[in-house]
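K.L.:
In full-length UniProt numbering, the protein residues as written are 1 to 157.
Positions of the beta carbon are idealized from the N, C-alpha and C atoms, including for glycine.
Below is a structure I'd like to ask you about.
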Amino acid sequence: MYSTPTHAIRAAEKLRREGLEAAHVSVFVQTNPHNGDTWYANQRAVTIEATADTRVLVRTAARLLDHVWRDGLRYFKGGVILSDLSPAGEQGTLLASQPAAQSDELMAALDAINARHGLNTVRLAGGGVRQTWTPRQGMLSKRYTTRFSDILSARAW
1 MYSTPTHAIR
11 AAEKLRREGL
21 EAAHVSVFVQ
31 TNPHNGDTWY
41 ANQRAVTIEA
51 TADTRVLVRT
61 AARLLDHVWR
71 DGLRYFKGGV
81 ILSDLSPAGE
91 QGTLLASQPA
101 AQSDELMAAL
111 DAINARHGLN
121 TVRLAGGGVR
131 QTWTPRQGML
141 SKRYTTRFSD
151 ILSARAW
C-alpha cells in the first residue's frame, strides 16, 4: 500500500514538531466492506526504541505492512498509528541503535528544507518518488481564512 510510507513520514514530521518520540508503531489495512469484494482487515504492531526518526519509522511500518498485506485485494484504507509517546530524548538507552545527535541533525535539516521549500521537497526514497495515490478529502472542512473560494458570501436584494 503506497500510502503507508507517506503516513509514516507525515507522522514522524508531526512528532518532531511537537518534540515527541514514539515507542509503539501500528500498521493497519482494510478493504471496502460495502463493494462486494472480499473483505479483509488486519493490523500489526511492534514496540521499538522511542524515536522520531523518519527512517526508522518508515522501515518499521514497511516491515509491519509486509505481515498484513495480501496480494490481489483492493485496499480501501490503510494507515500508521504511533503511540507510547514521550518527550524527545527522555527515553535514552545505553543500547541505542544509532547516534542520536546525527539522527537529530539529519531530521532537523530535512524538516528545515521542507518547511522552507514546501512539503515533500526532500523525502525518503521509501516514500516513493512519485505519489500515485491521493488521499480522500470528502470530509475536508472549509478553509474560510486561507482560501477565497471558501468564503461565504451574503447578498441583500
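Could you tell me how far apart the beta carbons of histidine 67 and arginine 44 are, in whole angstroms, since I believe they sit closer than 8 Å?
P.N.:
Along the sequence shown, one-based indexing puts residue 67 at 67. Along the sequence shown, one-based indexing puts residue 44 at 44. With a Cβ gap of about 5 Å, histidine 67 and arginine 44 count as contacting.
K.L.:
By the DSSP assignment, the beta strand (DSSP E) with histidine 24 in it spans what residues?
P.N.:
Locating residue 24 in the sequence shown gives position 24, where the first residue counts as 1. Per DSSP, histidine 24 belongs to the beta strand (DSSP E) from 20 to 31.
K.L.:
Taking only the alpha-carbon atoms, compute the straight-line gap between glutamate 18 and glutamine 30 and give it to the nearest angstrom.
P.N.:
Here residue 18 is taken as the residue at index 18 of the sequence shown, counted from 1. Here residue 30 is taken as the residue at index 30 of the sequence shown, counted from 1. Between glutamate 18 and glutamine 30, the C-alpha separation is close to 29 Å.
K.L.:
Taking the Cβ atom as the reference point for each residue, do glutamate 13 and aspartate 150 lie within a distance shorter than 9 Å?
P.N.:
As a working note, residue 13 is residue 13 in the sequence shown. As a working note, residue 150 is residue 150 in the sequence shown. No, the pair does not count as a contact, with Cβ atoms beyond the cut-off.
K.L.:
Rounded to whole angstroms, what's the CA-CA distance from proline 5 to serine 153? Just pull it up for me.
P.N.:
Here residue 5 corresponds to residue number 5 of the sequence shown, with the count starting at 1. Here residue 153 corresponds to residue number 153 of the sequence shown, with the count starting at 1. Roughly 40 Å between the two C-alpha positions.
K.L.:
Starting from arginine 44 and walking both ways along the beta strand (DSSP E), at which residues does that stretch end?
P.N.:
Against the sequence shown, residue 44 aligns to sequence position 44. Segment 41 to 51, the beta strand (DSSP E) holding arginine 44.
K.L.:
In three-state terms, what does DSSP make of aspartate 150?
P.N.:
Taking the sequence shown and counting its residues from 1, one reaches residue 150 at position 150. It is helical.
K.L.:
Taking only three categories from DSSP, how would you classify serine 141?
P.N.:
For the purposes of this step, residue 141 is taken as the residue at position 141 of the sequence shown. Note: serine 141 maps to coil in three-state DSSP.
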